[in-house]
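Okay, structure first, notes after.
Number of protein chains: 2
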Amino acid sequence: MELLKVSSKSNPGMVAGAVAGIIRTSGSAEIQAIGAGAVNQAVKALAIAVSYLEGDGIAISFVPSFADIDVGDDQQLTAISFKVESRKI
Amino acid sequence: MELLKVSSKSNPGMVAGAVAGIIRTSGSAEIQAIGAGAVNQAVKALAIAVSYLEGDGIAISFVPSFADIDVGDDQQLTAISFKVESRKI
């Protein structure tokens, strides 16, 4: 599954375009975000991707989960992972 | 559909419990959040609700959208609305 990393500075419209492209070709994707600002941008991107894909007859929904990310020096951060599911409408 | 309003100070575990309860009885729910902190708490709550409901054989996913909220004095804020969908697993 293709993994997109989103930060608080990511452009939601661009992330939405990337998500839509991955979903059109493979049907599933995963987005990872660390911190409130990044999670907010990811959710905005997902809301935009919903409307991008509606025009292609594809409905998407998301399952969030917590993911421990290794950031070196034996340190870990907790990220939010959004698994994107799709179905024809 | 039952509407839960989440703020940046909401406790994700408590919101998750409320979401799980609504999903068990009605099968669908809606969460509304304004601002990055509130969106982050809502997503954490949904991630926790996923594991609460797995034990009941229920899978949930959400669809985010933008919603204009009237806050009086002819002012509007943009909220994120999370529609929660469920299915038996």
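Chains S and R are the protein sequences, given in the same order.
Mapping the first sequence onto the numbering used here, position 62 (from 1) lands on 53, and the numbers just tick up by one.
Mapping the second sequence onto the numbering used here, position 87 (from 1) lands on 78, and the numbers just tick up by one.
Don't be surprised by glycine CBs; every beta carbon is placed ideally from N, CA and C.
- According to the DSSP assignment, residue 45 (chain S) belongs to the alpha helix (DSSP H) that extends over 27 to 45.
- 9 angstroms or more divides the Cβ of residue 34 (chain S) from the Cβ of residue 75 (chain S).
- In the structure shown, residue 62 (chain R) adopts coil according to DSSP, grouped into three states.
- Residue -3 (chain R) has R:24 as its beta-bridge partners, per DSSP.
- The shortest CA-to-CA distance from residue 56 (chain R) to any of R:73, R:2, R:-2, R:68 is the one to R:73.
- Using a Cβ-Cβ cut-off of 9 angstroms, residue 68 (chain S) does not count as an interface residue toward chain R, since no Cβ of chain R sits closer than that to its own.
- Close to residue 76 (chain S), with beta-carbon spacing below 7 angstroms, are these residues of chain R in chain order: 52.
- Neighbours of residue 31 (chain S) in chain R, taken as residues whose beta carbon is under 7 angstroms from its own, are 27, 30, 31 in chain order.
- With contacts defined by Cβ atoms closer than 9 angstroms, residue 32 (chain R) and residue 52 (chain R) do not form a contacting pair.
- About 7 angstroms separates the beta carbon of residue 71 (chain S) from that of residue 38 (chain R), a gap short enough to meet the 8 angstroms contact definition.
- Of the candidates R:47, R:25, R:20, R:25 places its Cα closest to the Cα of residue 61 (chain R).
- The beta-carbon distance between residue 3 (chain R) and residue 29 (chain R), rounded to whole angstroms, is 11 angstroms. This is too long to meet the 8 angstroms contact definition.
- Distance between residue 19 (chain S) and residue 54 (chain S), taken at the CA atoms: about 12 angstroms.
- Residue 42 (chain R) is classed as exposed because its beta carbon has fewer than 16 other beta carbons within 10 Å across all chains shown.
- Proximity of residue 80 (chain R) to chain S, defined by a Cβ-Cβ separation below 9 angstroms, is not satisfied.
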